[in-house]
Ligand code: NAD
Ligand code: MG
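Have a look at this one:
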């Protein structure tokens with residue numbers, strides 16, 4: 009049985025993964041769990057799932073976990089290197105990449121280089137280092153399966169054996185990427201200025217970590233997913249269209265040249281794409297409530313509003329620009345979202361900070377991970393300065 013490594017085990021995706029895995033313990037033995045610094049949550053998970061290795065990115069948290077788990081036969085690693093080591097030392101199996109942000113890049117790189125089946129939730133690592141990550145996956149013989157619900161839906165609607173970059177040869181005309189529109193779908197532009205982190209994190213359909221919840225509210229999440237879709241499936245930007253679908257029942261669609269449009273539907277529950285990617289091509293029980301179409305009753309669709317949600321356009325432009333632009337976009341977004349969550353930046357300031365950072369750092373070609381990390385660092389510094397110059401306008 010392939011052993012599994014969960015990167016970001018204490019998060020929202022980590023929780024869903026471990027719920028599915030616990031339904032099939034003989035099939036998915038847990039090899040390693042990693043997290044940032046929540047010792048209490050990690051101790052609980054280790055006692056419950058009995059991994060052989062646990063890693064905490066924060067070294068002090070690792071020391072505390074080691075003390076707390078003295079009575080358990082688990083090796084506790086510490087620091088960012090410890091998280092990467094947990095992946096590198098794992099037997100070939102399944103790695104779930106569910107750390108939030110560019111912090112997930114190094115361990116995800118290690119996972120693809122190690123030739124694992126890699127379940128990708130951490131879309132930021134693909135946005136930041138897309139071509140390099142895909143090359144490394146090919147070299148390492150890794151199978152990269154999308155867990156992001158939209159990309160998992162697209163994957164399910166593509167023909168078996170789909171070749172990246174060969175959409176036309178498979179008769180694929182377009183991919184329709186659905187978006188709920190987030191909590192502010194119906195808000196006026198003027199009212200967006202004063203919204204609070206709590207309002208932004210109250211997503212109508214999905215329970216998620218705070219960073220991705222804010223990304224959904226600004227629609228940067230869809231921007232990152234737009235880039236993710238083009239990279240994962242080798243699609244031209246014009247072959248992907250974003251469709252607002254407030255019910256979040258259709259998770260995305262693929263349109264073929266014969267006029268067929270295939271969709272994947274289900275209740276909005278991340279355990280479905282996780283179970284699909286864990287067991288593919290088999291199907292396993294995910295604990296998800298069956299979809300009741302009679303209670304859904306209707307499915308609505310509308311085009312996205314670029315004025316209210318400028319982040320989508322910024323992401324598209326960064327994708328077309330290429331080079332370091334997607335890494336700069338992502339880093340500026342991470343800095344701006346953190347500032348918003350800490351009350352140091354207004355909601356509409358998020359897009360402004362990203363646009364100003366992209367303006368200040370024109371795209372440069374990138375051909376190594378070191379260059380990507382450099383762009384990421386420069387963009388964080390630049391975005392930090394812009395946030396500070398905004399004068400703490402909440
Ligand atoms: P979360 O905030 O709930 O969890 C993040 C996890 O990453 C935690 O385990 C945390 O300990 C770990 N982490 C944070 N910073 C770290 C660092 N510097 N080093 C090592 N570990 C660190 O986030 P989430 O909602 O579970 O999202 C995780 C990823 O999955 C994100 O990339 C998100 O975009 C993606 N995703 C999430 C959902 C969802 O429904 N939550 C859906 C699709 C995609
Ligand atoms: Mg998604």
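Residue numbers (the working numbering): 9 to 402.
Backbone N, C-alpha and C fix where the C-beta goes; we use that ideal spot for every residue, glycine too.
None of these values were measured; they are calculated from a predicted model.
Would you give the residue range spanned by the alpha helix (DSSP H) that residue i belongs to?
| i | result |
| --- | --- |
| residue 405 | Absent from the model: residue 405. The displayed extent of the chain is 9 to 402, so no value can be given. |
| residue 272 | Run containing residue 272: none in the alpha helix (DSSP H); it sits in the beta strand (DSSP E), 269–273. |
| residue 320 | 318–329 |
| residue 196 | Premise fails: residue 196 is in no alpha helix (DSSP H) and is neither H nor E. |
| residue 48 | 47–57 |
| residue 22 | 20–30 |
| residue 384 | 377–397 |
| residue 438 | Because the chain is modelled from 9 through 402, residue 438 falls outside the range shown and cannot be assessed. |
| residue 367 | 357–368 |
| residue 148 | 131–148 |
| residue 278 | Careful: residue 278 lies outside any alpha helix (DSSP H) and carries neither H nor E. |
| residue 117 | 113–121 |
| residue 302 | 301–304 |
Taking 7 Å as the cut-off, is the beta-carbon of residue i closer than that to any non-hydrogen atom of ligand 2?
| i | result |
| --- | --- |
| residue 158 | yes |
| residue 233 | yes |
Please name the residue or residues paired with residue i in a DSSP beta bridge.
| i | result |
| --- | --- |
| residue 234 | Paired residue(s): none; residue 234 is not in a bridge. |
| residue 42 | 15 and 63 |
| residue 260 | 272 |
| residue 310 | 252 |
Using alpha carbons as the reference points, say which of the options lies closest to residue i.
| i | options | result |
| --- | --- | --- |
| residue 152 | 179, 177, 158 and 123 | 123 |
| residue 162 | 107, 240, 203 and 150 | 240 |
| residue 310 | 211, 37, 256 and 349 | 256 |
| residue 44 | 128, 312, 146 and 109 | 109 |
| residue 364 | 396, 42 and 206 | 396 |
| residue 60 | 375, 80 and 67 | 80 |
| residue 284 | 34, 84 and 164 | 164 |
| residue 213 | 224, 168 and 219 | 224 |
| residue 188 | 178, 196, 221 and 206 | 221 |
| residue 76 | 96, 64, 87 and 51 | 51 |
| residue 341 | 53, 207, 219 and 378 | 219 |
| residue 379 | 129, 49, 48 and 140 | 140 |
| residue 382 | 137, 322 and 205 | 137 |
| residue 209 | 200, 201, 191 and 202 | 191 |
| residue 264 | 135, 181 and 131 | 181 |
Tell me the residue span of the beta strand (DSSP E) that contains residue i.
| i | result |
| --- | --- |
| residue 225 | Taken as a continuous stretch (DSSP letters only), residue 225 belongs to no beta strand (DSSP E), being part of the alpha helix (DSSP H) at 218–226. |
| residue 186 | 180–187 |
| residue 104 | 102–105 |
| residue 154 | 151–154 |
| residue 85 | 83–86 |
| residue 126 | 125–128 |
Once you ignore the five residues that flank residue i on each side, which residues in its own chain have a CB closer than 8 Å to its CB?
| i | result |
| --- | --- |
| residue 402 | Residue placement at residue 402 is poorly supported in this model, since its pLDDT is 47, which falls under 50; the coordinates are not used for a value here. |
| residue 101 | 10, 11, 12, 13, 39, 124 and 125 |
| residue 82 | 54, 58, 59, 60, 61 and 62 |
By Cβ distance, which residues of its chain are closer than 7 Å to residue i, with the 5 residues on each side in sequence left out?
| i | result |
| --- | --- |
| residue 172 | 241 and 242 |
| residue 144 | 117, 120 and 121 |
| residue 275 | 296, 297 and 299 |
| residue 398 | 353 and 357 |
| residue 390 | 365, 368 and 369 |
| residue 201 | 354, 355 and 356 |
Compute every distance between the C-beta of residue i and the non-hydrogen atoms of ligand 1, then say whether any falls below 7 Å.
| i | result |
| --- | --- |
| residue 360 | no |
| residue 227 | no |
| residue 131 | yes |
| residue 213 | no |
| residue 292 | no |
| residue 60 | no |
| residue 22 | yes |
| residue 46 | yes |
| residue 117 | no |
| residue 220 | yes |
| residue 381 | no |
| residue 17 | yes |
| residue 107 | yes |
| residue 217 | yes |
| residue 65 | yes |
| residue 91 | yes |
| residue 97 | no |
| residue 9 | no |
| residue 111 | yes |
| residue 323 | no |
If I measure Cβ to Cβ from residue i and keep anything under 6 Å in the same chain, skipping five residues before and after, which residues do I get?
| i | result |
| --- | --- |
| residue 319 | 226, 227, 228, 231 and 359 |
| residue 282 | 24, 25, 28 and 155 |
| residue 331 | 371, 372, 373 and 374 |
| residue 38 | 12, 57 and 59 |
| residue 14 | 22, 25, 41 and 104 |
| residue 74 | 84 |
| residue 294 | 28, 279, 280 and 283 |
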